[in-house]
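Taken in sequence, the protein lines are chains A and B. Take the first sequence: its letters are residues 1 to 215, numbered as in our numbering. Take the second sequence: its letters are residues 1001 to 1209, numbered as in our numbering. Notes for the one structure printed next.
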Amino acid sequence: MKVIGLQLMLPAAILALVFSLAEGASGRDRNRGKVVRAHSASKIEYCMDCHGSGGQGYFGYLVMPRLAGQTPEYLENQLRAFVEHTRDRGLFINMARVHGLSPELRASLASQFNSFNPRPVGGGTRGAAERGRKIFEEGIPEANVPACAACHGPEGQGEGPNARLGGQLFPYTVNTLKNWSRERTGTSASIMAPIARSLSQSDILAVAAYMSNLR
Amino acid sequence: MKLIRWKVAILAIVCSALPSLAGDVGVPIRNCTWCHGTSAQGYANAPRLAGQRFRYLQNQLARFFAHVRDNPLSQQYMWSAAEALDPLTAHDLAVHFSLLPPLAANDGIKELAVVGASLYIDGSPENDIVSCAVCHGPNGEGIGEIPRLAGLSFAYLRRRLAEWNEGFDLAAAPPMPHIASRLGPYEIDALASYLSFVQSTPNDNDIAP
Chain A
1 MKVIGLQLML PAAILALVFS LAEGASGRDR NRGKVVRAHS ASKIEYCMDC HGSGGQGYFG
61 YLVMPRLAGQ TPEYLENQLR AFVEHTRDRG LFINMARVHG LSPELRASLA SQFNSFNPRP
121 VGGGTRGAAE RGRKIFEEGI PEANVPACAA CHGPEGQGEG PNARLGGQLF PYTVNTLKNW
181 SRERTGTSAS IMAPIARSLS QSDILAVAAY MSNLR
Chain B
1001 MKLIRWKVAI LAIVCSALPS LAGDVGVPIR NCTWCHGTSA QGYANAPRLA GQRFRYLQNQ
1061 LARFFAHVRD NPLSQQYMWS AAEALDPLTA HDLAVHFSLL PPLAANDGIK ELAVVGASLY
1121 IDGSPENDIV SCAVCHGPNG EGIGEIPRLA GLSFAYLRRR LAEWNEGFDL AAAPPMPHIA
1181 SRLGPYEIDA LASYLSFVQS TPNDNDIAP
């Protein structure tokens, strides 16, 4: 009787131990998810203090870009790039510090901003927008500039790591294209370097104006 | 004859006084400088107007007029001060004061200024406090409608920040009420101290219409 009891007890004990560990692991994951969600709720307000209450962007002393509708992959890449200093324009503010977030928070915030869709802030010069549309849809063959739409989507909605351009703030886009190689040194950014270099100042102004009003 | 000469004399004296009532700048600044100081650098509770962004001044006058900015001293003094102001005069006053050179109040707590400087530039991301500098400029100079904070008095800055947490002026341009809600008394004292010592360059005022 004693021997049979022991024979049963040992596997039972082992099974009980295994189940309780499994329970504990998923319980920890559930709690971790709650912690990330709680941080994410207060963190997104921190982001929105600068980037606008709907993520539409804001014209402060610095121009804070639109995050609303941005592809999650692009957002997460940028957050990582700030921390790794592969995106750095030498501004007076420590971009790595103010954008320093844990990976789970990055993913959570990126997906939240992706779901927002406020109207574009606008402000691009309207006269140049028609020429900008041509560049956006057809590129500039004689300058080896491909159509933006080819990688960024026909409505500039973005695709994976290729940023959404629709509704982006005009001066931000202009500065980004002008400063591309100076500011972005990561391998994923290198594809844009020759394109940005081949765009003239007036090309940049035109295409940025067009995209600033794209919904 | 004597009576007529007297009347003429009195009329002459009264007429000669009228221009100075408008101030020799053609704008009725006397109504403002009573409280804000003869050179508009601020006095007691009334903040410095000199060198403030003209669009910001214009906006605040409109908000006093509409009873939207409801801080206690705003209600007590500025609501009646702005009552008789038409938009054109408000604009003229705002532009006039924006062109005066701003002097730093230098009345903060010196020991807190270094902490305040770091908070001002980078904020405190761990505490969800954003950088002030990205909107208000690296030297607190402001831009467009965003006010110049540099050199404003410690007491005024501290009161303005604290009053958002007390529920006043919640209709202020976002995101200030939320940003203020992240600040505790120590952060407020540090920021207000640092800013009170920052001397601005007067030449970066914008006066585009």
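All C-beta atoms, glycine included, are put in the ideal place defined by N, C-alpha and C. Source: prediction; values computed, not measured.
Let me check one thing: in DSSP terms, what residues is residue i bridge-paired to?
i, result
"Asn216(A)", "It is not possible to answer for residue 216(A), since the shown part of chain A is limited to 1 through 215."
"Tyr58(A)", "Met64(A)"
"Ala1046(B)", "Tyr1043(B)"
"Val1198(B)", "Answer is none; Val1198(B) lacks a bridge partner."
"Ser1124(B)", "Ile1129(B)"
"Ile1146(B)", "Ile1143(B)"
"Arg87(A)", "Arg184(A)"
"Ala140(A)", "Residue 140(A) is actually Ile in this sequence, not Ala. Paired residue(s): Val145(A)."
How big is the Cα-Cα spacing for residue i and residue j?
i, j, result
"Met64(A)", "Asn175(A)", "12 Å"
"Glu130(A)", "Pro154(A)", "15 Å"
"Gln56(A)", "Val121(A)", "7 Å"
"His1091(B)", "Pro1147(B)", "16 Å"
"Gly100(A)", "Trp1164(B)", "27 Å"
"Pro194(A)", "Glu45(A)", "37 Å"
"Glu137(A)", "Asp1086(B)", "49 Å"
"Ala107(A)", "Ala1044(B)", "50 Å"
"Ala1150(B)", "Ile191(A)", "42 Å"
"Leu1152(B)", "His1036(B)", "12 Å"
"Tyr210(A)", "Pro1174(B)", "28 Å"
"Lys1002(B)", "Ala1009(B)", "10 Å"
"Met95(A)", "Val1025(B)", "45 Å"
"Asn1071(B)", "His85(A)", "43 Å"
"Gly1142(B)", "Gln1052(B)", "9 Å"
"Gln157(A)", "Gly54(A)", "17 Å"
"Gly1023(B)", "Phe1064(B)", "Caution applies to Gly1023(B), whose pLDDT of 48 falls short of 50 and renders its modelled position unreliable; the model cannot decide the point."
"Glu104(A)", "Leu67(A)", "18 Å"
"Thr187(A)", "Cys1132(B)", "32 Å"
"Ile93(A)", "Ala1084(B)", "43 Å"
"Arg1069(B)", "Arg1158(B)", "17 Å"
"Phe113(A)", "Met48(A)", "10 Å"
"Gly60(A)", "Arg89(A)", "17 Å"
"Leu205(A)", "Gln1076(B)", "49 Å"
"Ala81(A)", "Arg87(A)", "5 Å"
So, for residue i: in the same chain, excluding its five sequence neighbours on each side, which residues have a beta-carbon less than 8 Å away from its beta-carbon?
i, result
"Ala1040(B)", "Ile1029, Cys1032, Thr1033, Arg1048, Leu1049, Ala1050, Phe1097 and Leu1100"
"Ile1129(B)", "Leu1119, Gly1123, Ile1179, Arg1182, Leu1183 and Glu1187"
"Val145(A)", "Ile135, Gly139, Ile195, Ser198, Leu199 and Asp203"
Give me, in chain order, the residues of the same chain whose beta-carbon lies closer than 7 Å to that of residue i; leave out the 5 immediate sequence neighbours on both sides.
i, result
"Pro171(A)", "Val63"
"Ala1193(B)", "According to the sequence provided, residue 1193(B) is Ser. The question's Ala does not apply to it. Around Ser1193(B): Gly1108, Ile1109, Leu1112, Ala1113, Gly1116 and Phe1154."
"Tyr58(A)", "Cys50, His51, Gly52 and Met64"
"Val1027(B)", "Asp1092, Leu1093 and His1096"
"Asn1127(B)", "Arg1182"
Apart from the five residues on each side of it in sequence, which residues of its chain come closer than 6 Å, Cβ to Cβ, to residue i?
i, result
"Asn162(A)", "Cys151 and His152"
"Tyr1156(B)", "Pro1047"
"Tyr1056(B)", "Glu1145 and Pro1147"
Name the chain B residues whose beta carbon is nearer than 9 Å to that of residue i?
i, result
"Ser190(A)", "Those do not exist, as Ser190(A) stays about 28 Å from chain B at its closest Cβ, beyond 9 Å."
"Ser202(A)", "What Ser202(A) touches in chain B: nothing, since even the nearest Cβ is about 24 Å away."
What does residue i touch in chain A if you count any residue whose Cβ is under 9 Å from its own?
i, result
"Gly1051(B)", "Ordered by position in chain A, no residue passes the 9 Å Cβ test against Gly1051(B), which lies about 16 Å from the chain."
"Ile1143(B)", "Phe59, Gly60 and Tyr61"
Along chain A, in chain order, which residues have C-beta atoms closer than 7 Å to that of residue i?
i, result
"Cys1032(B)", "Here the premise fails: no neighbours, minimum Cβ distance about 27 Å."
Starting from residue i, find everything on chain A with Cβ-Cβ shorter than 8 Å and list it in chain order.
i, result
"Ser1098(B)", "Neighbours of Ser1098(B) on chain A: none; closest Cβ ~17 Å, over 8 Å."
"Ile1146(B)", "Gly60 and Tyr61"
Against residue i, what residues of chain B qualify as contacts under a CB-to-CB distance less than 8 Å, listed in chain order?
i, result
"Ser42(A)", "Asp1128"
Of the residues that make up the stretch 91-102 of chain A, which ones have a beta carbon closer than 7 Å to any beta carbon in chain B? Phe92, Ile93, Asn94, Arg97, Val98 and Gly100
Taking a cut of 8 Å between CB atoms, which residues from the stretch 44-67 of chain A lie near chain B? Residues Glu45, Tyr46, Met48, Asp49, Cys50, Ser53, Tyr58, Phe59, Gly60, Tyr61, Leu62 and Met64.
Along the stretch 1103-1137 of chain B, where does the CB come closer than 7 Å to a CB of chain A? Name the residues. Listed by position along the chain: Ile1121, Asp1122, Gly1123, Pro1125, Asp1128, Val1130, Ser1131, Ala1133, Val1134, Cys1135, His1136 and Gly1137.
Output, in sequence order along the chain, the residues in the stretch 1170-1184 of chain B whose CB is closer than 7 Å to any CB in chain A. Pro1174, Pro1175, His1178 and Ile1179
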